[in-house]
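Shown next, in structure tokens, is the structure this report addresses.
Numbering (the working numbering), first residue to last: 42 to 189.
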């Protein structure tokens, strides 16, 4: 299995498949109510903000893969406001965009340095999966501790 196929598999499993670590991103988000999505606990970001943040960084990865000079502003990083259903749909779209970009990405580019960064594409692509899982842990804790 090539590195690109392995990355595609990891992205699919963690997003809406059956990953080794537990429930996928979409399995957890399916259990979040719109009321829970906008609430915070102590000084945390809301689940809505975390999902928007995940989407923004996934789109950063796609833009870098496509050669754009993308970056993420502070406002984009954890936006304020928005509708829960829209945020989930945008996250789904970002999954399609990411998998499509991977289908058109050359395996030889995995070792190339990402423009404007100090790491290569393989590291970034592995990192976006890790990023999703990290925030999924936060979302799971928030969901369990917020009233429905």
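C-beta atoms are modelled at their ideal positions from N, C-alpha and C, and glycine is treated no differently.
From the DSSP output, in three-state form, read off residue i for me.
| i | result |
| --- | --- |
| residue 141 | helix |
| residue 161 | strand |
If I follow the unbroken alpha helix (DSSP H) through residue i, where does it start and stop?
| i | result |
| --- | --- |
| residue 116 | 115-118 |
How big is the Cα-Cα spacing for residue i and residue j?
| i | j | result |
| --- | --- | --- |
| residue 77 | residue 178 | 15 Å |
| residue 108 | residue 159 | 15 Å |
| residue 151 | residue 80 | 39 Å |
| residue 167 | residue 187 | 31 Å |
| residue 127 | residue 49 | 24 Å |
| residue 73 | residue 154 | 37 Å |
| residue 143 | residue 56 | 15 Å |
| residue 240 | residue 102 | Coverage of the chain is limited to positions 42 through 189, which leaves residue 240 absent and any answer about it impossible. |
| residue 47 | residue 163 | 11 Å |
| residue 112 | residue 165 | 14 Å |
| residue 35 | residue 82 | The structure shown does not extend to residue 35, since the chain is modelled only from 42 to 189, so the question has no answer here. |
| residue 125 | residue 106 | 28 Å |
Could you tell me how far apart the beta carbons of residue i and residue j are, in whole angstroms, since I believe they sit closer than 8 Å?
| i | j | result |
| --- | --- | --- |
| residue 100 | residue 130 | At roughly 14 Å, the Cβ-Cβ gap does not stay under 8 Å, so residue 100 and residue 130 are not in contact. |
| residue 172 | residue 61 | With 8 Å as the limit, residue 172 and residue 61 do not qualify as a contact, their Cβ atoms being about 17 Å apart. |
So, is the C-beta of residue i closer than 8 Å to a C-beta in chain D?
| i | result |
| --- | --- |
| residue 107 | Absence of chain D from the displayed structure is noted, only one protein chain being present. |
Task: beta strand (DSSP E) runs wholly inside the stretch 53-92, at least 3 long, in chain order - done: none
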